[in-house]
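Enquirer: All letters in the sequence shown, in the order written, are residues 4 to 294 by my numbering.
This structure is in structure tokens; I'll ask about it shortly.
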Amino acid sequence: MSFQPKASTALRFSLTGQIDESRQQEDFMRNRIMTLAALALPLHVLAADVAPLTRPPGDKTSPKTSVLKAGAAVLQTDNPLEPMNVYLNGLHAMKHDPAHQMVAHHFCTQVNEDFAQCVLFDGNTRDANLNGIEYIISEKLFNQLPPAEKQYWHPHNYEILSGQLVAPGLPDVAEKALMRGKINSYGKTWHVWKTAMPHMKGDPLPYGDPELAWSFNRDGEAMPGLVEGRDRAIGIDSAETRRKRADLAPLAKPQSGVDVLHGKFPRPTRPIPGVTDLGGGTRSPSASAQP
């Protein structure tokens, strides 16, 4: 079976007019590896479509605007967006308002071994609303941050070891390898739009200041039904995923920020193996620190 990379990624020309062969080969190999993995390994049930509950106000798209959109799709570049093909699904609580919790659909690109960047949506369909951004860095990069900056970065070990962070549609082996690579990593997440969720009424448009999101770090911090509802919506079993990742716990190191929201939820919470605080904590950013 022959495999042809997308024209948009295979044909990249340098300023001298020559093909950038190294980038072409990189994209070709990445696409080929993922294709072969999908053919050779047992797949998860593909994630179901999750449509947004928020519909922004406005008039129906006019024929003129539709034509302009179609022309732009053909004639303009989408190079910054095309690599954002890693789909992650996780849960966030706002650091200054832990009762404000949501499901986050991440579409990410791994820029290098230590840095990834993601756009966040309230669904995974074409009409989903962009409601945030997240940057993901390795433990190595986190340790290089100034102390005042570390307060913005949440730890990821609970998300991974609890089974709450998933990559829907990837083969089991590929998903576990991806999560192994994110053990001990950190994320900096800003939500810019409180869109509606099944448990929460949203705003019709992006209102107010961005909100800094945080990770869950103990069982019981997520509101009742949030994880179960997410699992049903995308067709996964996070409890089974947790069992399959139990052997990753020995790789987990104590992380900064695990205890930042401890005691700020109205329910009893329980730690899980592999998720411990580094000590010293991180203070919450003041209101003046919001962008």
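Glycine is no exception: its CB is placed at the ideal position from the N, C-alpha and C atoms.
The model shown is predicted, which means the values in this text are computed figures rather than measured ones.
Report the partner residues of residue 109 according to the DSSP bridge assignment.
Expert: Here residue 109 refers to the residue found at position 106 when the sequence shown is read from its first residue. Partner(s): 91, 123.
Enquirer: Between which two residues does the alpha helix (DSSP H) holding residue 192 run?
Expert: The residue labelled residue 192 in the question sits at position 189 within the sequence shown. Careful: residue 192 lies outside any alpha helix (DSSP H), inside the beta strand (DSSP E) at 189-194.
Enquirer: Could you give the DSSP three-state label for residue 140: helix, strand or coil?
Expert: Within the sequence shown, numbered from 1, the residue matching residue 140 stands at position 137. Strand at residue 140.
Enquirer: Do residue 123 and residue 182 have their CB atoms nearer than 9 Å?
Expert: Sequence index remark: in the sequence shown, residue 123 carries index 120 (1-based). Sequence index remark: in the sequence shown, residue 182 carries index 179 (1-based). Their beta carbons are not under 9 Å apart, which means residue 123 does not touch residue 182 by this criterion.
Enquirer: Quick one: residues in its chain with C-beta nearer than 6 Å to the C-beta of residue 272, no 5 flanking neighbours on either side, listed in chain order?
Expert: What you label residue 272 is simply residue 269 of the sequence shown in a count that begins at 1. So the list reads 221, 223, 224, once near-sequence residues are dropped.
Enquirer: Report the rounded CA-to-CA distance for residue 48 versus residue 262, giving the unit in angstroms.
Expert: Against the sequence shown, residue 48 aligns to sequence position 45. Against the sequence shown, residue 262 aligns to sequence position 259. Per-residue confidence for residue 48 stands at a pLDDT of 43, beneath the threshold of 50, marking its modelled position as unreliable; no derived number is given.
Enquirer: Cα-Cα, which of 256, 179, 75, 259 is closest to residue 243?
Expert: By 1-based counting over the sequence shown, the position of residue 243 is 240. Ranking the options by Cα distance to residue 243, first place goes to 179.
Enquirer: Considering Cα atoms alone, identify which of 276, 75, 215 is closest to residue 195.
Expert: As a working note, residue 195 is residue 192 in the sequence shown. Among 276, 75, 215, the Cα nearest to that of residue 195 belongs to 215.
Enquirer: Given this structure, state the Cα-to-Cα distance separating residue 84 from residue 264, to the nearest angstrom.
Expert: What you label residue 84 is simply residue 81 of the sequence shown in a count that begins at 1. What you label residue 264 is simply residue 261 of the sequence shown in a count that begins at 1. Looking at the two C-alpha atoms, the distance is approximately 34 Å.
Enquirer: So, for residue 162: in the same chain, excluding its five sequence neighbours on each side, which residues have a beta-carbon less than 8 Å away from its beta-carbon?
Expert: Position 159 of the sequence shown, counted from the start, is the residue given in the question as residue 162. Only 93, 94, 168, 218, 219 meet the Cβ criterion.
Enquirer: Would residue 139 and residue 119 be called neighbours here (beta carbons separated by less than 9 Å)?
Expert: Walking along the sequence shown from the start, residue 139 turns up at place 136. Walking along the sequence shown from the start, residue 119 turns up at place 116. Against a cut-off of 9 Å, the Cβ pair of residue 119 and residue 139 comes out as a contact.
Enquirer: Since residue 104 sits in a beta bridge, which residues does DSSP pair it with?
Expert: Working through the sequence shown from its first residue, we reach residue 104 at position 101. The partner list for residue 104 (beta bridge, DSSP) reads 96.
Enquirer: In the DSSP assignment, the beta strand (DSSP E) including residue 2 goes from what residue to what residue?
Expert: Outside the shown range of the chain (4 to 294) lies residue 2, about which nothing can therefore be said.
Enquirer: For residue 113, which residues of its own chain have a beta-carbon under 6 Å away from its beta-carbon, when the five flanking residues on both sides are left out?
Expert: If you number the sequence shown from 1, residue 113 lands on position 110. Same-chain partners within the cutoff: 119.
Enquirer: Apart from the five residues just before and just after residue 267, which ones in its own chain have a Cβ nearer than 7 Å to its Cβ?
Expert: To locate residue 267, count along the sequence shown from 1; it is residue 264. Correct list, in chain order: 101.
Enquirer: Here's a check: name, in chain order, each residue in its chain whose Cβ is nearer than 8 Å to the Cβ of residue 287, leaving out the five neighbours to either side.
Expert: For the purposes of this step, residue 287 is identified with residue 284 of the sequence shown, where counting begins at 1. Legend: pLDDT at residue 287 = 38, less than 50; position of this residue unreliable, no value from coordinates given.
Enquirer: Give me, in chain order, the residues of the same chain whose beta-carbon lies closer than 8 Å to that of residue 41; leave out the 5 immediate sequence neighbours on both sides.
Expert: Within the sequence shown, numbered from 1, the residue matching residue 41 stands at position 38. Per-residue confidence for residue 41 stands at a pLDDT of 43, beneath the threshold of 50, marking its modelled position as unreliable; the derived number appears in the next sentence. 174, listed in sequence order.
Enquirer: Among 132, 248, 260, 206, which residue has its Cα nearest to the Cα of residue 54?
Expert: Here residue 54 is taken as the residue at index 51 of the sequence shown, counted from 1. Nearest option by C-alpha distance: 132.
Enquirer: For the alpha helix (DSSP H) containing residue 216, name the first residue and the last one.
Expert: Walking along the sequence shown from the start, residue 216 turns up at place 213. Looking at the DSSP string, residue 216 is not in any alpha helix (DSSP H); the run it does join, the beta strand (DSSP E), is 214-217.
Enquirer: Cα-Cα, which of 144, 156, 231, 143 is closest to residue 166?
Expert: The count along the sequence shown starts at 1 and reaches residue 166 at position 163. Closest by alpha carbon: 231.
Enquirer: When DSSP labels each residue in this structure, what does residue 62 get in the three-state scheme?
Expert: Residue 62 sits at position 59 when you count from the first residue of the sequence shown. Here residue 62 sits in coil by DSSP.
Enquirer: Name the DSSP bridge partner or partners of residue 154?
Expert: One-based indexing of the sequence shown puts residue 154 at position 151. DSSP, once it has assigned bridges, lists no residue as partnering residue 154.
Enquirer: Quick check on DSSP: helix, strand or coil for residue 2?
Expert: Only positions 4 to 294 of the chain appear in the structure, and residue 2 is not among them; the question remains open.
Enquirer: Please return the same chain residues whose Cβ sits closer than 6 Å to the Cβ of residue 142, not counting the five positions on each side in sequence.
Expert: The count along the sequence shown starts at 1 and reaches residue 142 at position 139. Closer than 6 Å at Cβ, skipping near neighbours: 187.
Enquirer: Look up residue 37 in the DSSP assignment and say whether it is helix, strand or coil.
Expert: Taking the sequence shown and counting its residues from 1, the one referred to as residue 37 is at position 34. The pLDDT assigned to residue 37 is 47, lower than 50, so where the model puts this residue is not dependable; a value taken from the coordinates is nonetheless given after this. Correct three-state label for residue 37: helix.
Enquirer: Can the beta-carbon of residue 86 be found less than 9 Å from the beta-carbon of residue 208?
Expert: Numbered from 1 along the sequence shown, position 83 holds the residue referred to as residue 86. Numbered from 1 along the sequence shown, position 205 holds the residue referred to as residue 208. Contact: no.
Enquirer: Use the C-beta contact count for residue 260: other C-beta atoms within 10 angstroms, 16 or more gives buried, fewer gives exposed.
Expert: As a position in the sequence shown, residue 260 is number 257, starting the count at 1. Buried: at least 16 other Cβ atoms inside 10 Å.
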